[in-house]
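Chains as they are written, first to last, in the working numbering: chain A, 1 to 388; chain B, 1001 to 1427.
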């Protein structure tokens, strides 16, 4: 329970980022913390007021031991979402320059980057919420979008009808005909126009600027920044999509396993592995495709320790993506402990072996973890024995 | 057998005639055909003089800002190439204004896309078709230029055309400038090839000649430029058809000059089928007749308050060399066949051969004068050109004149919507 505005820093210092990020938080400071799970309200019955926190507390208790020592922001975020059983939702804040923000950003300053990284690994899935425009001058999203004069950029524009005097062929904005009286009078032939569709038509509309007098077929869309006052046209403005992030089964599993580097897929138990291999071999036989099982075990490099659980989870997820990218479409990738089981159909042994250095090289180039990969390729005749 | 052969009989008749008899016999040709050539040669000289006299394109700052108005109805097939051709001009910084006149195809969408690409400065849409004259008036109202250039959507231009077109505005007396129209599809059919000769020789030389005498009275809608102050002074175009011609007559009435810029070339597609050509010419001839002698009646009547001596020449030219030959030609043919029977065919052929020689000379001069060397290929259809002009188009013209004079068929013209036509009671 945070009781004052300064309470958060003190709590972070004493409890560590994981506890602050994951544990249920009650705000008794008078509403300083938007991320709190509960804020002190009008009710004086504390036990009744705290009742909504019950399920969150229950889920917090089910989290794996040692979770309070987590340092990886991604894993803390996953755990937070699991304990709240909710998605990571952006919050619209009109007093915030970027217009959308995260309640969690006080707890986890890099929450946005962490969520994007988790979405790339498949632990979170993005859901579109809104699209905002950013000012190219000051990056503010507080921008007024408006119709403007193409000439002087003034918003002082109005739509006027085009008026066509059928008799003399004069066609111009209606304002040209109204300048002399109540009834329209043709400025070319001075005749008064009385009957619509007999004397005159109104075949369309024009835009007239009250500032510079420019008459145009249409207005342009302009962007005016509320923060720096700059004006921009559409070609200079960048757009930014705002997303919510929802937990996937993989993400939930990773959080519940505490990111111990163990299974990151819920179906990676031995029985299901066996079933999958057997099914895969049968399908390959039916299609007359060569089938191979590539076993890829990830170990720390000699002289190095295994990376922390958070880094390990994200590294394995990254490797999973690399394998899908490098190997062909007809592959099934499963992870058991630190071993990837990759079922490959339709490729010869030579082609698969040729791809292995690429995997090693890309992983070494794109991750900080010092890992060694051990490959073992099993061809079809021996696959059944592996499955057995 | 040989005594009844029309050609032999015709040759015998011709050889038996003295000069006086020949003149009496070929009165029609001498009166109405030869002047076309006799005047054609000075016309070539006139064209050369006009070109020589024409100053190099002045800087835009000298003539003022230039606006180009492109108005069209259902022009999706050609509007983009026209705009891109305009943007490829050496005349930079010209404002382009497009008006879609009740188009039901993709014309307005293409205009909007080109506007987004920055090729067009302003686009307006009339959802109800009001006719091209009204669309041009709207375009002129939107334009901010001192010079208004009007072009047709189905035209493309030489890169220097517009710069050449505005050059004569350096003379403050010039209110409008006519460009030169050539055929873009001469090889599409025999009909287009014959029209290509006509555009290259007859139309161009005729305009050069009239311009030399200060009598040019037509700025083609395909490529023309107008001083904005003049445009506003006479209130833009009146409902058409023939609004371009009518505009020039009204402009001349208040004392402005029409110049000719032969180096301002626009290429246009002409009708491929003969029937389409006849429809086009029907409209042209009809417009010329009713605008000259119905709308601007009194032009040849010295007692009319509309009579202006400086306008007599081009009206008389039209009467003598366009209307009169069309009316007299049937009489001449009747005279020929009643007098000589089938031998008249041979005589007509002899006349055609004589005119062909002159046609070759005029075409050669026109090509030499303009430098459009590729037009030499038209020479293969030149033998038919005399008959095409002298008989086919003249008969069509006669029919149109009679219809218009007796039944006022222009009232039912679809160039403008019916409710616009309904107001033109004077037609």
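From the three backbone atoms N, C-alpha and C, an ideal C-beta is built for every residue, glycine too.
Check the Cα spacing between residue 287 of chain A and each of A:222, A:345, A:276: the tightest is with A:345.
Per the DSSP secondary-structure output, residue 38 of chain A pairs in a beta bridge with A:26. In the three-state DSSP reduction, residue 1287 of chain B falls in the helix class (H, G or I). At a cut-off of 9 Å, the C-beta of residue 118 of chain A has no neighbouring C-beta in chain B. Within 10 angstroms of the beta-carbon of residue 1174 of chain B lie 16 or more other beta-carbons, which makes it buried.
Secondary structure note for residue 1107 of chain B: its alpha helix (DSSP H) is the uninterrupted segment 1107-1116. Residues of the segment 1277-1297 of chain B with a C-beta atom less than 9 Å from some C-beta of chain A do not occur. Boundaries of the beta strand (DSSP E) harbouring residue 1258 of chain B: 1257-1268, taken from the DSSP string. Taking a contact to require three or more Cβ pairs closer than 8 Å, the segment 1067-1085 of chain B and the segment 1143-1161 of chain B qualify as touching. Residues of the segment 208-227 of chain A with a Cβ closer than 9 Å to any Cβ of chain B, in chain order: 214, 215, 216, 217, 218. At a cut-off of 9 Å between beta carbons, residue 1137 of chain B contacts chain A.
Looking from the CA of residue 1264 of chain B, the closest CA among B:1252, B:1178, B:1215, B:1292 belongs to B:1178. Chain order gives no chain A residues near residue 1219 of chain B, where near means a beta carbon separation below 7 Å; the closest approach is about 17 Å.
A distance below 6 Å between beta-carbons, with the five flanking residues on each side excluded, links residue 187 of chain A to the following residues of its chain, in chain order: 176. The segment 1343-1362 of chain B makes contact with the segment 1378-1388 of chain B: 3 or more CB pairs, one atom from each, lie closer than 8 Å. Counting only runs of 4+ residues, the alpha helix (DSSP H) found wholly inside the segment 1320-1398 of chain B occupies 1324-1340, 1343-1370, 1382-1387, in chain order. For residue 54 of chain A, the enclosing alpha helix (DSSP H) stretches over residues 54-62. Beta-bridge annotation (DSSP): residue 32 of chain A is not paired with any residue. In chain A, no part has a C-beta under 8 Å from the C-beta of residue 1244 of chain B; the shortest such distance is about 13 Å. For residue 171 of chain A, the enclosing beta strand (DSSP E) begins and ends at 171-173. For residue 1238 of chain B, the chain A residues whose C-beta falls within less than 7 Å of its own C-beta are 168, 169, listed in chain order.
Check the Cα spacing between residue 1390 of chain B and each of B:1418, B:1401, B:1368, B:1322: the tightest is with B:1322. Between the C-alpha atoms of residue 342 of chain A and residue 130 of chain A there is a straight-line separation of about 38 Å. Residue 194 of chain A and residue 183 of chain A do touch by the CB rule: their CB atoms are close to 7 Å apart, below 8 Å. DSSP lists A:165, A:196 as the bridge partner or partners of residue 200 of chain A.
For the C-beta of residue 201 of chain A, the chain B residues within less than 7 Å are, from N- to C-terminus, 1128, 1130. Looking from the CA of residue 1091 of chain B, the closest CA among B:1164, B:1101, B:1133, B:1280 belongs to B:1164. In this structure, B:1248 is the residue among B:1248, B:1354, B:1103, B:1309 with its C-alpha nearest to the C-alpha of residue 1221 of chain B. In terms of Cα proximity to residue 1271 of chain B, the closest of B:1215, B:1199, B:1316, B:1330 is B:1199.
Only 1137, 1138, 1141, 1142 from the segment 1136-1159 of chain B bring a Cβ to less than 7 Å from some Cβ of chain A. Apart from sequence neighbours up to five positions away, the residues of its chain that approach residue 211 of chain A with a beta-carbon distance below 7 Å are 149, 152, 154, 156, ordered along the chain. If only uninterrupted alpha helix (DSSP H) runs of at least 4 residues are considered, those enclosed by the segment 209-295 of chain A are 249-256, 270-287. Look at residue 1120 of chain B here: in three-state DSSP terms it is coil, with no helix or strand label. Contact with chain B is found for residue 204 of chain A, since one of that chain's Cβ atoms lies less than 9 Å from the residue's Cβ. When DSSP assignments are scanned along the segment 73-115 of chain A, the uninterrupted stretches of beta strand (DSSP E) that are 3 or more residues long and fall wholly within it turn out to be 90-92, 100-102. Cβ neighbours of residue 376 of chain A within its own chain (closer than 7 Å, five residues either side excluded): 295.
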